[in-house]
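Counting along the sequence shown from 1, when you hit position 25 you're at 24 in numbering that gives the first Met the number 0, and nothing is skipped either side.
Cβ coordinates follow ideal geometry from the N, Cα and C atoms, glycine included.
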Amino acid sequence: MAQQTILLVEDEPHTKRLISYVLESKGFHVMVAENGSVALDICKNNVPDLILSDVMMPVMDGLELRRKVLQDAALSAIPFIFLSARAQTHEIINAEKLNPIAYITKPVEPDEITNIINGILKKNS
């Protein structure tokens, strides 16, 4: 089976390093973007198997990124997971309106994130 690619969209350096390390150690290829705008640029040339995006970021947040991904026929079928340090109900409801596959609250447990991603990618393969 070919190596699967995850696009991690995260602006916080420590979280970005931790999640990248965990996913790479599980055999995933990880591309990293610090905001939604950079993520869209990456997707133009390298369509990932899954997008894991923080919600709150500068320039373009995760909610706007999800809207733009849904509007692009080449990207709209990519599984999308929201990642956030905030578990407020209104934020989750706003995220759910954009139909993510999952919503993960930080701090992230390595086994939890890899189990969720593996389950999603297995269903979509």
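Query: Beta-carbon spacing of residue 52, residue 108 below 9 Å; Result: no
Query: DSSP state of residue 101 mapped onto helix, strand, coil; Result: strand
Query: Close beta carbons around residue 120, own chain, < 8 Å, minus the five adjacent residues each side; Result: 3, 48, 49, 78
Query: Whole beta strand (DSSP E) elements within the region 2-49, 3-residue minimum; Result: 4-8, 28-32
Query: Stretch-stretch touch, CB-based, cutoff 8 Å, three pairs: the region 35-45 with the region 61-73; Result: yes
Query: The beta strand (DSSP E) enclosing residue 74, as first and last residue numbers; Result: From DSSP, residue 74 is part of no beta strand (DSSP E); its letter is neither H nor E.
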